[in-house]
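Convert by adding 106 to the 1-based position in the sequence shown; the result is the number in the numbering used here.
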Amino acid sequence: MQIPLAHQRTYALERYYYEFVQRMGPAHLLYEQFAKTMQNYGKPYFTIPSSYSGYPEELAFVFKVDGEDYLFDHVRTQDKILRKYDPNEIYRPGGN
């Protein structure tokens, strides 16, 4: 399983990753690590501790499984969705 490199949902992941995460490396360098984490736990999400995000709660980046791909869907806390992929929005590479 993998996170596809050139996909609108991946560009959305980058945008929200850069919005919330402050203390980790560039998103595109971590895709393989994120995918391995999701595979190892058997769950289509990975979490970011609040100490890495500056957000007061742990964040979960949630994906949908599509064949062999993890496609980003939303960022959430335990209680609410903070950002969600919007198919009507055009996302650009690099978090723009």
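All C-beta atoms, glycine included, are put in the ideal place defined by N, C-alpha and C.
- Distance between M144 and L165, taken at the CA atoms: about 15 Å.
- Going by DSSP, L177 is part of no alpha helix (DSSP H) but of the beta strand (DSSP E) stretching over 175–182.
- Between M107 and the set E125, D192, F169, P199, the nearest pair of CA atoms involves F169.
- Here I109 is buried, its C-beta having at least 16 other C-beta atoms within 10 Å.
- The straight-line gap separating the alpha-carbon atoms of G160 and F167 is approximately 15 Å.
- Residue environment for Y151: buried (at least 16 other C-beta atoms within 10 angstroms of its C-beta).
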